[in-house]
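With the first letter of the sequence shown counted as 1, position 43 gets the number 43 in the UniProt record's numbering; the numbers rise by one all the way through. Note that the Cβ used here is the ideal one computed from N, Cα and C, for glycine as well.
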Amino acid sequence: MLKQRVEYDKRGKATGYIFICRAVPSQYIEIRKTNVREAEELRKLDTHTIQKIYRELNERARMSSPYGERNLVRSHNLRKFFNSTLLANGCDIFTTDFMMGHKIDSTRDAYFRADPKALREKYENYIPYLTIQKEIDISESPEFIKLKSENEVLARETAKATVERVEIQNLKKRIKKGKRFT
């Protein structure tokens, strides 16, 4: 599954994504020459493909239900988990609704301009709560590696400062005793 920007507003600014299949029908190239919208219909994921993705997720998570029953891992439950988790861990309702893709009321929409960098930083604060994986090796994360490196530099600087402090204390003692420096 891939994603590609394809929806545009009146000014030509991209406004959304279409999720596309890895393989496209052979007639795509011919149709695209005359009708881009129709060609994109050939590439986008259909209901059957999305159901297959969720079925595979359930199988990989060993959470498959018997035939005819709903699986636990499905879009509604994932959205519900995302929404509940953000709210339960201190995210404000406006940000949560925005991240969920809910329509913003006209008053807020008139004044609010999303800052992708700020939204990403806010989202990253909630990743530990949203992570479903039971075992996480934080020692491989870029943040951990950076902190570890900084910690090693500070440890070396502290050791050096400690040695210098001892030398200064020894010099002060020698000065008090009136000894000459040789």
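Inset, instruction - State the Cα-Cα distance for the pair A110 and R37, rounded to the nearest angstrom. - result: 30 angstroms
Legend entry - Cβ-based neighbour list, R32, same chain, cut-off 6 angstroms, excluding 5 preceding and 5 following: A39
Inset, instruction - Would you check if there are 3 or more beta carbon pairs closer than 8 angstroms linking the segment 41-49 to the segment 59-71? - result: no
Inset, instruction - Jot down the residue ranges of each uninterrupted alpha helix (DSSP H) in the UniProt domain "Tyr recombinase" (1-124), minimum 4 residues, whole runs only, in chain order. - result: 28-34, 36-43, 47-60, 75-88, 93-100, 106-111
Inset, instruction - Give the single residue among S26, R62, Y54, S84 whose Cα lies nearest to the Cα of L130. - result: S84
Legend entry - Distance between F144 and V166 (C-alpha atoms, nearest Å): 33 angstroms
Legend entry - Option in R74, L171, F82, E152 with minimal Cα separation from M100: F82
Inset, instruction - Could you pull the start and end residues of the alpha helix (DSSP H) that E152 belongs to? - result: 142-177
Legend entry - DSSP-derived helix/strand/coil call for I127: helix
Inset, instruction - Decide if the segment 86-99 is in contact with the segment 110-126; the criterion is three or more beta carbon pairs, one per stretch, under 8 angstroms apart. - result: yes
Legend entry - Within 8 angstroms, strictly: CB atoms of Y54 and R79: no
Legend entry - Euclidean distance between Cα positions of L154 and E164: 15 angstroms
Legend entry - For K103 and R113, the rounded distance between their alpha carbons: 14 angstroms
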